[in-house]
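In my numbering, the protein residues as written are 1 to 246.
Below is one structure, written out as structure tokens; comments come after it.
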């Protein structure tokens, strides 16, 4: 039997990149997948490769939209076993040039949305003995140039993961985080450096083995969401091809 057989997973950022890879892999391993992203057209294409899965266009920056997404997932499949918070947003800005709107968007997608979804999903996950996997970033454990808002949000997501792990230690619920390094996704291949950027600083982000395939990171997430990781709780898994090793 597949390690995710019979489980129901809500996956955010499911229209592309890592979220799409997670959705495909979970379905391949027997899970029912409810995908969430803003771009419904792209999800239509992705979910042709997610047997039995369904999806909804959701702006996770909205608490009410997150509440509705969780409710719809449970209504559709009758339960919820795993919340996989993949959706993210990264913009590079000189800190002194960041607007209030820039800062708010970094936090809205990278921290507020995962919190809203965790809060809505927790009653259902406590009922099933399920789990949460928050996808942070190595920017959640170290600093990255021109990324003050992104780093702050991803550090916050790591902190949220640990806080929930402590709060629910006496329950069957598990909460873990994955901190990927650079992956081959639209977000990383189409990024725009700010004007007058110092490329020596930007190149410090690069991993010694190059950009990772999203499929490899998806496998770590699948492990954490499965019963094979029954003893893993409150962990922060770094998956970065050696970037932060030293």
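Backbone N, C-alpha and C define an ideal beta-carbon position, used for all residues, glycine too.
Nearest candidate by alpha-carbon position, reference residue i, set the options
i, options, result
"residue 86", "196, 21, 160", "21"
"residue 39", "76, 77, 16", "16"
"residue 140", "100, 88, 98, 122", "88"
"residue 168", "131, 111, 96", "131"
"residue 134", "234, 75, 176", "176"
"residue 203", "5, 182, 62, 221", "182"
"residue 196", "92, 67, 65, 245", "92"
"residue 178", "170, 97, 232", "232"
"residue 226", "119, 29, 100", "29"
"residue 112", "74, 144, 66", "66"
Euclidean distance between Cα positions of residue i and residue j
i, j, result
"residue 7", "residue 194", "43 Å"
"residue 37", "residue 12", "6 Å"
"residue 33", "residue 10", "6 Å"
"residue 27", "residue 198", "42 Å"
"residue 230", "residue 223", "10 Å"
"residue 55", "residue 78", "15 Å"
"residue 31", "residue 5", "5 Å"
"residue 235", "residue 217", "15 Å"
"residue 80", "residue 51", "17 Å"
"residue 48", "residue 219", "20 Å"
"residue 19", "residue 97", "31 Å"
Local Cβ density within 10 Å of residue i, reported as buried at 16 or more and exposed below that
i, result
"residue 174", "buried"
"residue 200", "exposed"
"residue 43", "buried"
"residue 84", "buried"
"residue 45", "exposed"
"residue 246", "exposed"
Does the contact criterion of 3 or more C-beta pairs under 8 Å hold for the segment 96 to 105 versus the segment 156 to 170?
no
Which full runs of the beta strand (DSSP E) of 3+ residues lie inside the segment 137 to 174, going along the chain?
none
Under 8 Å, with one C-beta from each stretch per pair, do the segment 209 to 219 and the segment 235 to 243 reach the 3-pair mark?
yes
Three CB pairs or more closer than 8 Å across the segment 123 to 130 and the segment 55 to 69:
no
Note down, one range per segment and in chain order, each alpha helix (DSSP H) of at least 4 residues found wholly within the segment 38 to 123.
40 to 46, 63 to 77, 100 to 107
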